[in-house]
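Below is one structure; the comments refer to it alone.
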Amino acid sequence: MTQQGKNAIDMVLAESLIELSTKKPIEKITIKEITDKAGVIRPTFYNHFQDKYELIEWIINHELLEPIRPLIDAGMVFEAIVLMLTNVSANVTFYKKALRMEGPVTLNDIAMKAVYELFLGILNEKSSGKKPKYKWLTPEVVSTYYAQLLCFITEGWISQGVGEIEPREMAEAFMYLISRSMEDVLKEL
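Just so you know, our numbering puts 17 at position 17 of the sequence shown, and the rest follows in order with no gaps.
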């Protein structure tokens, strides 16, 4: 199967899960329901994804992270965050449902893994051959820190602010936090 064919099936499966999530909690959606809605057989799903949580990770990567990678690479972090939040708001019903998932896997688990991997890839490329200023601040530690902050801000916005706070304003809040020390924030409050 060509990459284009694989991506088309991935997209159909993602759209199926997203549509089903409007009718019932994501943790209760079965693979059979996803494949029936998508018009494919169950083995097709398993040729593409291990489980529905991996499909959710694909959705996050495809809708949110892949579009912002070129902006981050170009040093346009603010624009990247605005784009990511705009894409979240375009599919906010799904992300609100995903945020309410109960069980062994949460949206935070899935998003953290995806964002961590994005940041780690970028940091490894940018720091190749360079020695860190502080031994403890490895690409893994830095990626974890920024992934946790971005996921925290985004999840809080999904649960409380979408519709009330525009993506641009939320991105400004994110940039405010990452550009200041706690000491700076305490002085400015």
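We put the beta carbon where it would ideally sit given N, CA and C, even for glycine.
Contact between the region 16 to 23 and the region 86 to 104 is present, with at least three C-beta pairs closer than 8 Å. With 16 or more other Cβ atoms from the protein chains shown falling within 10 Å of its own Cβ, Pro167 counts as buried. From the listed residues Lys37, Ala173, Leu85, Ala90, the smallest Cα separation to Ile9 is found for Lys37.
Rounded to the nearest angstrom, the Cβ distance from Glu140 to Leu120 is 6 Å, consistent with a contact under 8 Å.
Rounded to the nearest angstrom, the Cβ distance from Ile110 to Ile153 is 16 Å, too far for a contact under 8 Å. Within the same chain, and ignoring the five residues on either side of Leu83 in sequence, the residues whose Cβ sits closer than 7 Å to its Cβ are Pro67, Ile68, Leu71. Setting aside the 5 residues that flank it on each side, Glu79 is surrounded in the same chain by Leu71, each with a C-beta closer than 6 Å to its C-beta; the list follows chain order. Take Ile158, set aside five residues on each side of it, and the residues of its chain with a beta-carbon closer than 8 Å to its own are Val88, Val92, Tyr95, Lys96, Leu99, in chain order. With the rule of 3 Cβ pairs closer than 8 Å, the region 174 to 187 counts as touching the region 142 to 152. With a minimum length of 4 residues, the unbroken runs of alpha helix (DSSP H) contained wholly in the region 57 to 110 fall at 69 to 73, 77 to 90, 92 to 99. Scanning Glu188, Ile60, Leu137 for the CA closest to the CA of Glu155 turns up Ile60.
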